[in-house]
Structure formats: structure tokens, C-alpha cells
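Q: Here our numbering is used: position 540 in the sequence shown is 614, and no number is missing along the way.
Here a beta-carbon is modelled for each residue, glycine too, at the ideal position from N, C-alpha and C.
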Amino acid sequence: MPKSPEMFQWWRPGPATERELGCTEQLEVGDFEVYRRKLELACYEGRDIFMKMGVSPMIQGGDVCVGIYTASGDLATAVLGTHLHLINAQIAIKYAVKYFINDEGVGVKPGDMFYVNDATYGGIHNCDQIMYVPIFHEDELIAWGAAMAHETETGAIEPGGNPPSAKSRYDEGMRLAPFKVGENYRLRSDLVELMENFVRDPRMQTLDLRARAAICYTLERRVKEVATRKGGDFVIGLLRRMIESGREAAQRRIASFNDGTYRQTLFLDCVGAEKFSLVRVMVNLHKKGDKVTVDFTGSSPRVVAGNFNVLPHMMIAECACVFYQYLFPDLNPSIGVFAPFDFVFEKGSLFDPDPDDAISLGVMTIQNVNPAVHVAFQKMLVDSEVRNNVNAAWPGSSNAIAWAGLNQYGTVFSGWDQAIPNSDGMGAKHDMDGTDAAGFDSCPVGEFLDMEQVEMQYPLIGLFRSKYLKDAHGFGKYRGGRTVGGCYAFHNTAGGYAVSMAGHSRFPVSAGLFGGYAPALTLVAYVRNPNWKELAENSPEDLPSDLFELSQRIKGDWQVLHSCSSLQVLNEGDICFTAGLGGAGYGDVLERDPKLVMKDLEEDSISHWAAQKLYKVVYDSQTLQVDEDATAALRAQERQARIARGKTWDEFVPAWTQKKPKDEILGFYGSWPNACPA
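1. Using the Cβ count rule (16 or more neighbours within 10 Å means buried), how would you classify Ser-373?
2. Taking only three categories from DSSP, how would you classify Val-377?
3. Given this structure, state the Cα-to-Cα distance separating Val-180 from Tyr-173, to the nearest angstrom.
4. Quick one: residues in its chain with C-beta nearer than 8 Å to the C-beta of Lys-669, no 5 flanking neighbours on either side, listed in chain order?
5. Please report the straight-line C-alpha distance between Ala-467 and Val-368, rounded to a whole angstrom.
6. Using the C-alpha atoms, what's the distance from Asp-724 back to Ile-717?
7. Around the Cβ of Tyr-244, are there at least 16 other Cβ atoms within 10 angstroms (buried) or fewer (exposed)?
8. Which residue wins for smallest C-alpha separation from Ala-706, given the options Gly-720, Lys-721, Tyr-689 and Leu-698?
9. Between which residues of its own chain and Thr-567 is the CB-CB distance below 7 Å, once the five residues before and five after are set aside?
10. Look at the Cβ atom of Ser-637, then the Cβ atom of Thr-596, and state whether they are nearer than 7 Å.
11. Taking the C-alpha atoms as reference points, what is the distance between Tyr-660 and Arg-553?
12. Sort out for me which residues DSSP pairs His-224 with in a bridge.
13. Taking Leu-698 as the reference, which of Glu-225, Ala-685 and Asp-192 has the closest Cα?
14. Keeping to the same chain, check which residues put their C-beta closer than 8 Å to that of Thr-335; ignore five residues upstream and five downstream.
15. Work out the CA separation of Glu-102 and Phe-272 for me, nearest whole Å.
16. So the candidates are Asp-307, Ala-576 and Arg-461; which of them puts its Cα closest to the Cα of Pro-238?
17. How big is the Cα-Cα spacing for Met-525 and Gly-499?
18. Would you grab the beta carbon distance between Met-187 and Val-129 for me? Rounded to a whole angstrom, and I think it's under 8 Å.
19. Would you call the CB atoms of Ser-619 and Ile-475 closer than 7 Å?
20. Taking Cys-344 as the reference, give the member of Asp-457, Gly-380 and Leu-158 with the closest Cα.
21. Can you check which of these residues, Phe-308, Gln-338 and Lys-112, is closest to Gly-96 by C-alpha distance?
22. Return the chain-ordered list of same chain residues with a C-beta closer than 6 Å to the C-beta of Pro-407, the five sequence neighbours on each side being excluded.
23. Are the beta-carbon atoms of Asn-465 and Lys-503 separated by less than 7 Å?
24. Using DSSP bridges, identify the partner residues of Cys-650.
25. In whole angstroms, give me the CA-to-CA distance for Cys-517 and Cys-395.
26. Can you check DSSP and say which residues form a bridge with Ile-475?
27. To which residues does DSSP link Asp-416 through a beta bridge?
28. CA-CA distance, Asn-496 and Pro-131?
29. Provide the residue(s) that pair with Thr-439 in DSSP beta bridges, ordered along the chain.
30. Quick check: what's the CA-CA separation for Val-634 versus Thr-509?
31. What are the residues that DSSP puts in a beta bridge with Tyr-754?
32. 7 Å is my cut-off, CB to CB: does Asp-724 come that close to chain C?
33. For the stretch 424–443 against the stretch 322–335, do three or more pairs of beta-carbon atoms, one drawn from each stretch, fall closer than 8 Å, so that the two count as touching?
34. If you draw a straight line from the C-alpha of Arg-755 to the C-alpha of Val-692, how long is it?
35. Is Pro-208 helix, strand or coil when you go by DSSP?
36. When DSSP builds the beta bridges, which residues end up paired with Arg-260?
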């Protein structure tokens, strides 16, 4: 079957058919509300089963999506986990509808199971794997069910599924075009073995495949229960009504916002494959009436032999994380809410890669662009009827270290601690601090798994992972949510491999909102031949409990790296450290209540330097009693100093436009300053 350019437009909600419109007209209001909720709960049931059956750490942590789609492939309802996968499954299902239904060699029948992971067929990257099944009633296709999640192994050139060293798509491991993996409610053992043969951890691949099948047939059972009770026409009308009600509500909300153009600029410091360069992404929102065009014109060129490139539908899918969380959190998560949006991607940009380009870490790019899209929309929301939805952004792509090797049971493993990505802080709200250890931008509902679960599955000992990082969140009138760091040592094995996968370490990608500060950066550290076992034996009270103590107490051969780094070989006892990211701040630091600053100090969330130099609070460092008058005077003095430091436009522009970064960090930027392709 061909890879048609048309395929990448299938994220759009399709028009209702005459059949669907006729079925919709028969719905009673009460029935719509009852059975809409029933199908939504079926998706929640599927998520719970997924988390209990799955092996991948992202599945166990709840970073999954489960959705129900119309017979033509449009998303009608879902449980939100990793929101972006809902869009990818829609593309995959529409592919099956167009190419498989009338193909005698494939066909679509009850009990069939389809599978896909290749981004060039509508996926995100090879790790994100989707199973989808048709749902029939009286021999008529009335719906589809889908289960989506991330696998931490694809057989790529490095373990973990997101190979930082990949330079082409042929380095990225298992690539599966849409295919039928099961028939008659049974997985085909030959195709299961084919997938096992691709990867380092076949056990995880197969068990998670079976988990997806269980979820899909849970959805089928629940949808067929409704069809048996109310009829196939009822289900067809119900699913279409869910989409159309979302479309109408989304268009009304967009129409209520002020017309205009809203912009946000983003800079990245890495393009993958250990290529470090300044890269620009431009986000331009053009809003008129009930339509918004999300325009990425002005972004840096495609990266050759890097892996941070992004196919357009990948960025569109990531926008679902902004739309469902912040623009329409009160609406049913159907594809109808995408109706007001169009997207523009410039030819030759990093959003327009060649077919053979590596895109395995394009997911980090879209997660880093997420805060820029978010901030641009917050500028639109701040003067609107949904003002209470305004808050600062997520911090961008979080960090994770993938581990691989032989586990303590003597079998091959590949995985990571999903608690670190799931511990990112949420951006500060307009009226309160951000939520601590809340999730990450693509999945705000992920769970913070117990360290014991990590130690049970992998040959690791956790030295610490339960203390908030100091000064890691964005400062402001309201601070961003706090995050944690994790320190692990290989144990009860000869050693293993570690691969760090994230997107930035030089400067933050998440801008604070309305005067708030950006959060701190993350990095990774490895310590070979460390002394932690000696401490554990002789003075266990001296074992580190946070990053500062780690740097002071652990001796050995230290290596500090960018958060996107290639494979490292570690021996038994060697240490690795990684951390989540704090949320961005909201509002002027000089407006933060001094009592809240003292509370931050008491909880060891900020340093005395931050309290004194940034928040400008005068207090007794021993008792933490605030001198209110002195604090007010110091803050007034700082406001006057800001005015004195300010410049008029005519004073600022001549000097500013002469500034330019060093040529050695502009290798993938494009022409300076406009980032045009060479």
C-alpha cells in the first residue's frame, strides 16, 4: 500500500456521513449523556487493565492512551494519558479503512487485530506502538478500539528505543507499517516471534502486545453491550454526536478569544547524534473568528544526520497535549476539538525531514516545543472567559536514563525509571504554586512508581529519589512545581549499559509566564568506581540523599554529560544520576508573599541566595522571621533599579542587532538571524 501525502491530513475530523447524521437525530439527550459516560468509563477500565498487565515502565506508570473511534476512524472518546497517541491511532485506523477493508488479501473482520509503530505511517517514533481492532454489530463495522503506549526497546543501535546516536531511520530499530497481527481473537505466533526477534527484551514486547489485545477487546465488549441493548444505529449516532458536540463547543470557545497574532520563540541546544547547535523554533498563532492557524514558519532547517527532526503530524499530535489540558479541559476528548485549527510547516524546516532522516528523538523536539505553543496560547487566554485556565508551562522534555543488560534473574532487560519523567513539576497557576511531581507535558496523569518496583525489575539499587531538588523550579509570584532527582547503582549483576535521552541542558526551553522565571536545567552524571558501598558498610548515615550530598560525599571517576548522550558502559556498583524538571514560574518574584518564601526555605526547596537575591526578602537566617518593613523597602529599591536599567527602543535596538552567537554553535541554525535554510 502506498504512503500517501493524504495520510498525514487524516488527523482532521472527517465530515459526518448521511448515515451518521440520521443516527444522530434519533438520540435522546438523556441517553446521550448516560451512554457517553459509559463509553468513557470503558476507556478508564482499559487504562486500569493496561497498567496492571503491562511490563513497559511507561505502561506501569499510566503513560498510556485508550480510545474509541468511529467506523471511519475519527476519535470519539478516550481516557487521557499520553494525549498525543490519540491522534496517531486515528491516522492508523483511517489507513486500515482506506486500504485494508476492500483488500481481499487483508480484509477487516471481527476478531482482527492491527498494529503499527512507524512514524512515516502516522506514528510518533518507533517506541510508540498502537493496536487497534474493528468493532462489529450484526456484521456491520460500527466502531474501532485502540490501545497505545511506549515501549522502552525497539532493537535500535542503542537500548531504550530512543537512540541518541541515530543518524538515519535505519538506526532506529523495529519499524512496522500497519499490518494484521492477529485474527479470530488470537495473536499470530509467527508475527509475535517476528517482533520478538527485533528487540533486546522480547518478554516485554510480547507481554505488552497481549496487554494491548486485552484492552482492545475490553473496549469491543463494552461497545457491543451498548449496541446489543440500544442498536447499532444508536452507537453510530452516539459516537458522531460526541465529535460534533466537541466541534461546536471548541469553535464557540475559540470565537470568544480576541483576534490577533500571538507569538513565542524557542531555542534548542541539541539536534541529536551528539550534535550540539543552536536551533530556533517559531510559534505563530493567527486567530480570527472561530479559527486558529498554528504556524511554525521561521523555524531552523532540517537536520542532516541528526535525530531531532519532526514529521508534521508529530507536532500536531503534541498540540493535543495543550488543547486537551488547557484550552478544553472540560470537554470530552474527541477529535472534534481539533476542528478550529489549521497548521503550517515551512518547506525545508526541521518539521519537513526527508523520508530517510532519523526522527527517534523528534519526540523530544515536540515536547520542547510544547511550552512555546502553550505560552502563545496563554497570551490568548489571559483576557478571556476561561482566564482561570491560565498557568505557566510544563518544562519541556524530561530526562530518563535507559538501562539494559542482564538483570538479577539472568535475563535480558531494557527499561528505565518512569518516575523521573512523571515527576516533572507543573507550571505555576495564575493564583497558586504549580503542582509538585505532577507528570510531564505529554502525560499529566502519570504515576510516581515506587523505587521498590524499579529494584524488583532491574539490577539496580536506588540511593535516593525522594527529595525535591533545590532551586530547580521556576521562581515567581507563584513558583513552578518541584521535581526530584534519582540516583541508582548497578547491583547484583556484572554491569550494564546506560543511555540518557532528553532534549536540552544548556538553557531552558520553558519560559516563565508574565514575569515568572524559567526552571533550571537537567543533566546526567555517572560515577565509576564509587565509594558508596564503603559508606553503606561503615557509615550508612553518610550515604547521599540529594544531588548536593552526592557531589560532596561520593568519590570516584565522575562524568557529567548533556542530557542527550550516547551509550555508557557501567560496571557493578557504578552510579548514574538523572533528574526531572521543575515547572515554570508565574508573575513577578517581587510580588511573592514573603511568608511563602520562608516556607520554601523551611522545606529546603530554595537556597538562601534565591530568597535574598531574587525574592528580595529580608529575614533572620536562623529563625526565618521576616522583617516586613525592610523587605518592602528592598523591593521598592529593586523596582527603581529595574527602571534605571531599562532602555528605550532606540537605545536598545542598535546594540542588540549587532549581537551574534559564535559561528561554531550555528551549524544547524540556518542563516543568521532568520534561520532560513541555506
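A: So, from the data block:
1. Position 299 of the sequence shown, counting from 1, holds the residue named residue 373. The residue is buried, with at least 16 neighbouring Cβ atoms inside 10 Å.
2. If you number the sequence shown from 1, residue 377 lands on position 303. Residue state, collapsed to three classes: coil.
3. Along the sequence shown, read from residue 1 onward, the residue named residue 180 stands at position 106. Along the sequence shown, read from residue 1 onward, the residue named residue 173 stands at position 99. Spanning the two alpha carbons is a distance of roughly 9 Å.
4. Taking the first residue of the sequence shown as position 1, residue 669 is located at position 595. The residues are Val-700.
5. Locating residue 467 in the sequence shown gives position 393, counting from the first residue. Locating residue 368 in the sequence shown gives position 294, counting from the first residue. Going from the Cα of Ala-467 to the Cα of Val-368 covers about 18 Å.
6. Here residue 717 corresponds to residue number 643 of the sequence shown, with the count starting at 1. Here residue 724 corresponds to residue number 650 of the sequence shown, with the count starting at 1. Cα-Cα distance, rounded: 16 Å.
7. Translated into the one-based positions of the sequence shown, residue 244 becomes position 170. Per the 10 Å Cβ criterion, exposed.
8. Locating residue 706 in the sequence shown gives position 632, counting from the first residue. It is Tyr-689 whose Cα lies nearest to the Cα of Ala-706.
9. For the purposes of this step, residue 567 is taken as residue 493 along the sequence shown, with counting starting at 1. The residues are Gly-479, Leu-480, Asn-481, Gln-482, Pro-533 and Glu-646.
10. Taking the sequence shown and counting its residues from 1, one reaches residue 637 at position 563. Taking the sequence shown and counting its residues from 1, one reaches residue 596 at position 522. Against a cut-off of 7 Å, the Cβ pair of Thr-596 and Ser-637 comes out as a contact.
11. In the sequence shown, the residue the question calls residue 660 occupies position 586. In the sequence shown, the residue the question calls residue 553 occupies position 479. Distance between the alpha carbons of Tyr-660 and Arg-553 is about 6 Å.
12. For this step, residue 224 is matched to residue 150 along the sequence shown. By DSSP's assignment, His-224 forms a beta bridge with Asp-202.
13. Mapped onto the sequence shown, residue 698 falls at position 624. When only C-alpha atoms are compared, the closest one is Ala-685.
14. Residue mapping note: residue 335 aligns to position 261 of the sequence shown, counting from 1. Taken in chain order, the residues that qualify are Asn-358, Leu-359, His-360 and Lys-361.
15. Locating residue 272 in the sequence shown gives position 198, where the first residue counts as 1. Locating residue 102 in the sequence shown gives position 28, where the first residue counts as 1. Here the alpha carbon of Phe-272 sits roughly 50 Å from the alpha carbon of Glu-102.
16. Walking along the sequence shown from the start, residue 238 turns up at place 164. Closest by alpha carbon: Ala-576.
17. As a first step, residue 525 must be located in the sequence shown, where it is residue number 451. As a first step, residue 499 must be located in the sequence shown, where it is residue number 425. Cα to Cα, Met-525 sits roughly 19 Å from Gly-499.
18. Along the sequence shown, one-based indexing puts residue 187 at 113. Along the sequence shown, one-based indexing puts residue 129 at 55. No, Met-187 and Val-129 are not in contact; Cβ-Cβ is about 19 Å, not under 8 Å.
19. Sequence index remark: in the sequence shown, residue 619 carries index 545 (1-based). Sequence index remark: in the sequence shown, residue 475 carries index 401 (1-based). The answer is no: Cβ separation not under 7 Å.
20. As a first step, residue 344 is located in the sequence shown; it is residue number 270 there, counting from the start. Ranking the options by Cα distance to Cys-344, first place goes to Gly-380.
21. As a working note, residue 96 is residue 22 in the sequence shown. Among Phe-308, Gln-338 and Lys-112, the Cα nearest to that of Gly-96 is on Phe-308.
22. Indexing the sequence shown from 1 puts residue 407 at position 333. Result list for Pro-407: Ala-152, Leu-154 and Tyr-398, in chain order.
23. Residue numbering aside, residue 465 sits at position 391 when the sequence shown is read from its first letter. Residue numbering aside, residue 503 sits at position 429 when the sequence shown is read from its first letter. Yes; because the gap between Cβ atoms is below 7 Å, this pair is in contact.
24. Taking the sequence shown and counting its residues from 1, one reaches residue 650 at position 576. Its beta-bridge partners are Tyr-562 and Tyr-600.
25. Taking the sequence shown and counting its residues from 1, the one referred to as residue 517 is at position 443. Taking the sequence shown and counting its residues from 1, the one referred to as residue 395 is at position 321. Computed Cα separation, rounded: 8 Å.
26. The sequence position of residue 475 within the sequence shown is 401, counting from 1. Paired residue(s): Ser-574.
27. Within the sequence shown, the letter at position 342 stands for residue 416. Its beta-bridge partners are Thr-367.
28. Within the sequence shown, numbered from 1, the residue matching residue 496 stands at position 422. Within the sequence shown, numbered from 1, the residue matching residue 131 stands at position 57. Each residue's alpha carbon lies about 11 Å from the other.
29. The residue labelled residue 439 in the question sits at position 365 within the sequence shown. Looking at the DSSP output, Thr-439 shares a beta bridge with no other residue.
30. Position 560 of the sequence shown holds residue 634. Position 435 of the sequence shown holds residue 509. Between the alpha carbons of Val-634 and Thr-509 lies a gap of roughly 29 Å.
31. The question about residue 754 has no answer here: the residues shown for the chain are numbered 75 through 752.
32. The displayed structure is made up of one protein chain only, and chain C is not part of it.
33. no
34. One cannot answer for residue 755 here, as it falls past the ends of the chain, which runs 75 to 752.
35. Residue mapping note: residue 208 aligns to position 134 of the sequence shown, counting from 1. Strand at Pro-208.
36. Taking the sequence shown and counting its residues from 1, one reaches residue 260 at position 186. Arg-260 is bridged to Glu-257.
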